[in-house]
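Here is the structure we will look at, set down as structure tokens.
Protein chains: 2
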Amino acid sequence: MQRLTVSTSEALDRFISRVSRRSPLSDDEAAALLALPATIQRARGNADIVSPGELVEQSCLVVDGMLGRFVQMVDGRRQITAMYVAGDMCDLHSVVVPRADGALQALSNVVVLRIPHDDLRRIAKRYPAIVEAFWRDCVVDASIQSVWMANMGRLDAKARMAHLLCEIGTRLEHAGVAKRDRFAFEATQSHLADALGLTPVHVNRTLQDLRSTGFVAIGNRRVEISDWAALAAIAGFDPAYLHLDQDTVSAATAWRHAPASRA
Amino acid sequence: MQRLTVSTSEALDRFISRVSRRSPLSDDEAAALLALPATIQRARGNADIVSPGELVEQSCLVVDGMLGRFVQMVDGRRQITAMYVAGDMCDLHSVVVPRADGALQALSNVVVLRIPHDDLRRIAKRYPAIVEAFWRDCVVDASIQSVWMANMGRLDAKARMAHLLCEIGTRLEHAGVAKRDRFAFEATQSHLADALGLTPVHVNRTLQDLRSTGFVAIGNRRVEISDWAALAAIAGFDPAYLHLDQDTVSAATAWRHAPASRA
DNA sequence: CGTCACTTTGAGACGAGTCAATGACCGTGG
DNA sequence: CCACGGTCATTGACTCGTCTCAAAGTGACG
Chain Y
1 MQRLTVSTSE ALDRFISRVS RRSPLSDDEA AALLALPATI QRARGNADIV
51 SPGELVEQSC LVVDGMLGRF VQMVDGRRQI TAMYVAGDMC DLHSVVVPRA
101 DGALQALSNV VVLRIPHDDL RRIAKRYPAI VEAFWRDCVV DASIQSVWMA
151 NMGRLDAKAR MAHLLCEIGT RLEHAGVAKR DRFAFEATQS HLADALGLTP
201 VHVNRTLQDL RSTGFVAIGN RRVEISDWAA LAAIAGFDPA YLHLDQDTVS
251 AATAWRHAPA SRA
Chain V
264 MQRLTVSTSE ALDRFISRVS RRSPLSDDEA AALLALPATI QRARGNADIV
314 SPGELVEQSC LVVDGMLGRF VQMVDGRRQI TAMYVAGDMC DLHSVVVPRA
364 DGALQALSNV VVLRIPHDDL RRIAKRYPAI VEAFWRDCVV DASIQSVWMA
414 NMGRLDAKAR MAHLLCEIGT RLEHAGVAKR DRFAFEATQS HLADALGLTP
464 VHVNRTLQDL RSTGFVAIGN RRVEISDWAA LAAIAGFDPA YLHLDQDTVS
514 AATAWRHAPA SRA
């Protein structure tokens, strides 16, 4: 599944095409992004890419695999507050707030591109459309966080799990690396537990529950969703909050919908 | 409690002084912010300032009172994903993502200043330090959201409540409108429930539990914290994530701590 | 002085956590 | 080639935090 040869420009290309769908860029601006210097880094699952409290000096573009941002309590319990897939620039926010609040950790074997803040700041300064794009990217990240928070507060385990699967699928498809209903998923059940605010044991039972509906097969490091509509209904999934394209969301549909199963 | 006469420049002043503590601004830049046109708006508790799905065209600076950002499910359940106090510019993110994901609602009687996006964009374009300050403000908001998410996922009701009280107190003191252990708090128990992912009934019981410790007196639209250290210990509160000042946080203390009560 | 919003109380139900053990898989080294 | 250790998935029995439903109490305001 993992590419063995990765060109820097190929990875940047994916980022640029994703970003430019919500923040239009001129040829000059795209070229400036493409010319960014970057160093490739590989890491195994559970390796720290950024350690908590660290003073970060480069941002991190995901080429392959999945990463998570962790907030950790001293008793060892932790919460994943964001997940990043190929094409995502995690840590873009560290350009303006370099002190990391939490860890950035690989959830699978990953390939990332590290891009110095200095270079990002340089092109941000030269091209106003690029700062705006970066700023917007951070705001959309926050929008995703809001939805995660609402789900944790107001949905049960099954709906939260279904929602996460729908979101990851949608984001992977948008990034052009998989179909939304059929993708590699290497994170463990413990990772899912940390992302959903559950225990690994309960994640396991929740997955069995979902499998038994027949809507989704998950296991063997893959997810296969056989009935997307049904899964989305359980989750109350409405992709508007991902802001995948430039404000295509009409006022009427910008609401999130509660799961149909809780009538 | 509520001021009857509010000058626009006085409110902007508070915003500028708060922002400039984490994003240093030149005199020119501060002057540009101070010269922003704004219209005063008053609203009663539970009034929508921004409706979900709306296309927002102005941002909103809190002069007095408290506001919340809501994500709502169609079955009526809702989650507060952010709370804003005096000096906060809520909706700054709407400058780059104008379609509102959720509602912005008054949690008490409020006075806000509405500032057109066009004007914010104009000065953001002219002064790079200002875009950076705005971007940073949004990133800090997201940092706060991360901590809320971690708390919802990994702390029990009592610790979550204690944490929220510590956070609001700290932010109010930083904004210069109250002391952190003694402040007006007009939000209802239902609002607290929506913010913490609980039911109003359980919020009530949790407050009784906290009151019985003697560390905090809450009621009558006021909060009085008699033992800050004890409350902070219950919450595992470490204000580093608020990024109140320009990176004063050392790597060693950037971790959040788990509540001492759960040893 | 009644209405309305908010707070408080009680009893019972249920979702999720805890603890503990077993099972499946996989890479590694003897 | 197989025994080993490690990580991850699964299961069972029991506990506990929080929800639900319902009702009553409090206080502000017209």
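Taken in order, these protein sequences are the chains called Y and V.
Just so we're aligned: 176 in the numbering used here is position 176 of the first sequence, and the numbers increase by one with no gaps anywhere.
Position in the second sequence counted from 1, then plus 263, gives you the numbering used here.
By construction, the Cβ of each residue, glycine as well, lies at the ideal position given by its N, Cα and C atoms.
Kindly identify the DSSP beta-bridge partner or partners of residue i.
i         : result
Ala306(V) : Val373(V)
Arg222(Y) : Ala184(Y), Gly219(Y)
Cys90(Y)  : Cys60(Y)
Ile378(V) : Ser322(V)
Lys388(V) : According to DSSP, Lys388(V) bridges with nothing at all.
Can you name the start and end residues of the alpha helix (DSSP H) that residue i belongs to?
i         : result
Phe448(V) : Run containing Phe448(V): none; DSSP gives neither H nor E here.
Leu408(V) : The sequence as given places Gln at residue 408(V); Leu does not occur at that position. Run containing Gln408(V): 391-417, per the alpha helix (DSSP H) assignment.
His465(V) : 463-476
Ala363(V) : First-last for Ala363(V): undefined, no H or E at that position.
Ala503(V) : Ala503(V) -> no alpha helix (DSSP H), and no H or E assigned at all.
Gly432(V) : 420-438
Ala441(V) : It is not in any alpha helix (DSSP H) - Ala441(V) carries neither H nor E in the DSSP assignment.
If residue i and residue j are in contact, beta carbons under 8 Å, what's the gap, nearest whole angstrom?
i         : j         : result
Val131(Y) : Val394(V) : 5 Å
Leu459(V) : Leu427(V) : 6 Å
Pro431(V) : Val375(V) : Note that residue 431(V) is Ile in the sequence shown, not Pro. Not a contact, Cβ separation roughly 18 Å.
Ser286(V) : Ala366(V) : Going by Cβ atoms, the distance from Ser286(V) to Ala366(V) rounds to 28 Å, so no, they are not a contact pair.
Asp354(V) : Cys323(V) : 5 Å
Ala193(Y) : Leu25(Y)  : Wrong, their Cβ atoms sit about 39 Å apart, outside the cutoff.
Met149(Y) : Thr462(V) : No, Met149(Y) and Thr462(V) are not in contact; Cβ-Cβ is about 17 Å, not under 8 Å.
Arg417(V) : Gln79(Y)  : 5 Å
Ile497(V) : Lys421(V) : 6 Å
Asn309(V) : Ala369(V) : 6 Å
Glu273(V) : Ser371(V) : So it is not a contact: roughly 20 Å between Cβ atoms.
Ile225(Y) : Asp181(Y) : 4 Å
Gly236(Y) : Met336(V) : 7 Å
His202(Y) : Gly68(Y)  : That pair is no contact at about 19 Å.
Arg221(Y) : Ala184(Y) : 6 Å
Arg377(V) : Ala298(V) : Going by Cβ atoms, the distance from Arg377(V) to Ala298(V) rounds to 16 Å, so no, they are not a contact pair.
With a threshold of 8 Å, are at least 3 pairs of Cβ atoms found where one atom belongs to the region 357-376 of chain V and the other to the region 310-321 of chain V?
yes
Would you check if the region 29-41 of chain Y and the region 474-483 of chain V touch, i.e. whether three or more CB-CB distances between them fall below 8 Å?
no
Mind pulling the alpha helix (DSSP H) runs of 4 or more residues that sit fully within the region 17-87 of chain Y?
27-34
Do the region 346-356 of chain V and the region 324-333 of chain V make contact, defined as three or more Cβ pairs closer than 8 Å?
yes
Say whether the region 137-149 of chain Y touches the region 228-244 of chain Y, bearing in mind that this needs 3 or more beta-carbon pairs closer than 8 Å, one atom from each stretch.
yes
Counting Cβ pairs closer than 8 Å, one from the region 482-493 of chain V and one from the region 380-398 of chain V, do we hit at least three?
no
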